[in-house]
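Enquirer: For the sequence shown, full-length UniProt numbering puts the final residue at 93, and the numbers step up evenly by one.
Right, I'll just put the structure down here and ask away after.
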Amino acid sequence: MTRRITISLPDDVAAYVERTQGNTSGFIAGVLRRKMRADGLRARWAQLGYVVTDEDVESTRSRLAALPPISDEQHARNLEWLRQFDEDGSAAA
1 MTRRITISLP DDVAAYVERT QGNTSGFIAG VLRRKMRADG LRARWAQLGY
51 VVTDEDVEST RSRLAALPPI SDEQHARNLE WLRQFDEDGS AAA
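Written as structure tokens, this is what we have:
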């Protein structure tokens, strides 16, 4: 089931979505699903006593960005491993 809503995007963001995705609704839904999964993970970690702050996330992103890129094969193996934790089995690419 779907529900129609209207959103406004800055021109540069709208142009990016149209240029790279074509399906704006699908793109936005995918982004929001990733956000929902991240929020769910933070909630689960908090239940276990681990509080993850936005600063923690940014620090980790910075450290990861400084590492050399991984191969496509390693990326595929990582996604396969992550699927075991994903409720619907569709780990984000």
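Glycine is no exception: its CB is placed at the ideal position from the N, C-alpha and C atoms.
1) Determine, using beta carbons only, whether Val17 and Thr24 come nearer to each other than 8 Å.
2) Between which two residues does the alpha helix (DSSP H) harbouring Gly22 extend?
3) Using the Cα positions of Asp12 and Arg77, report the straight-line distance between them to the nearest angstrom.
4) How far does the alpha helix (DSSP H) with Asp86 in it extend, from its first residue to its last?
5) Roughly how many angstroms lie between the CA atoms of Tyr50 and Lys35, to the nearest whole one?
6) According to DSSP, is Ala43 helix, strand or coil?
Expert: If we stick to the structure as given:
1) Numbered from 1 along the sequence shown, position 17 holds the residue referred to as residue 17. Numbered from 1 along the sequence shown, position 24 holds the residue referred to as residue 24. With respect to Thr24, Val17 sits close: the two C-beta atoms are nearer than 8 Å.
2) Counted from its first residue, the sequence shown places residue 22 at position 22. Per DSSP, Gly22 belongs to no alpha helix (DSSP H) and is neither H nor E.
3) Position 12 of the sequence shown, counting from 1, holds the residue named residue 12. Position 77 of the sequence shown, counting from 1, holds the residue named residue 77. One C-alpha to the other measures close to 34 Å.
4) Residue numbering aside, residue 86 sits at position 86 when the sequence shown is read from its first letter. Run containing Asp86: none; DSSP gives neither H nor E here.
5) Here residue 50 corresponds to residue number 50 of the sequence shown, with the count starting at 1. Here residue 35 corresponds to residue number 35 of the sequence shown, with the count starting at 1. Cα to Cα, the separation comes out at about 19 Å.
6) If you number the sequence shown from 1, residue 43 lands on position 43. The answer is helix: DSSP assigns Ala43 an H, G or I state.
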